[in-house]
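With the working numbering as the guide, the letters of the sequence shown map in order to residues 238 to 419.
All residues carry an ideal CB built from backbone N, CA and C; glycine is no exception.
Here's the structure, in structure tokens; my notes come after.
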Amino acid sequence: MKFINKITDFVENLEKRQFLQLVGGIFLALLLVCGLIIYFYYSKTNSLLRDIKNVNSKRTEARELLTRNLAVNQQREKVDEILKKDKNFKIGNYFNTLAEQQRLSTYVKDKQITTSDIEQGYTEIKLSVSIKNINMKQLVDLLEKIENNERVFTKKLDITKSEKLPVIDVDIVIATLEAKPE
């Protein structure tokens, strides 16, 4: 109570001008404190909003990665299932049979088989073939047969105009996968 009495005595002894200066100073100090509180509040709010946006973008990215990982795992399971169906599959024999069925054996000029190890325990076997002087229908039929076999896929296809019209020359690379021996 003494403290309050001292303050009231001090204020009563002030002249009007000093009193107004004191009240103005207190008002400015309160205004400054309120301004600082508001500034720090909005600064922290903006910082937290930025953090929330970063977390949300990371969450979205993680969700996309998990979705892609699930799709890759499903594709890997499908590939493993296809590979287990026919363990003795030979891409060279497959293409020879296909060329005979499509009556293209006489047009096949160069064949070359290469293998390369790829990740996840598979070996990729590629067959490069040059086919000369065939027409577009023969090529389309060949590509359709290759596409319909889930064990084989087309890696590269180069079509060039043949010196003899109206035929084309084709360089095609088809491939298959084999599981690496464990």
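Counted as a single uninterrupted DSSP element, the stretch harbouring Tyr344 is not any alpha helix (DSSP H), since DSSP gives it neither H nor E.
Assigned with DSSP and collapsed to three states, Asn291 falls in helix.
Contact annotation, Asp378 with Asp395: C-beta distance approximately 18 Å; criterion of less than 8 Å not satisfied. Annotation: Arg287 to Ser294 spans about 11 Å, alpha carbon to alpha carbon.
For Val248, the enclosing alpha helix (DSSP H) starts and ends at 239 to 249. The beta-carbon distance between Ile319 and Glu387, rounded to whole angstroms, is 6 Å. This is short enough to meet the 8 Å contact definition. According to DSSP, residue pairing for Phe264 in a beta bridge does not occur. Under the 8 Å Cβ criterion, the stretch 310 to 317 does not count as touching the stretch 330 to 337, having fewer than three qualifying pairs. In its chain, beyond the 5 residues on either side, Ile328, Tyr331, Ile383, Ile411, Ala412, Thr413 have a beta carbon closer than 8 Å to the beta carbon of Val389.
The Cβ atoms of Asp347 and Val316 lie no closer than 8 Å to each other. According to the DSSP assignment, Asp406 belongs to the beta strand (DSSP E) that extends over 405 to 416. Here Phe390 is bridged, per DSSP, to Ala412.
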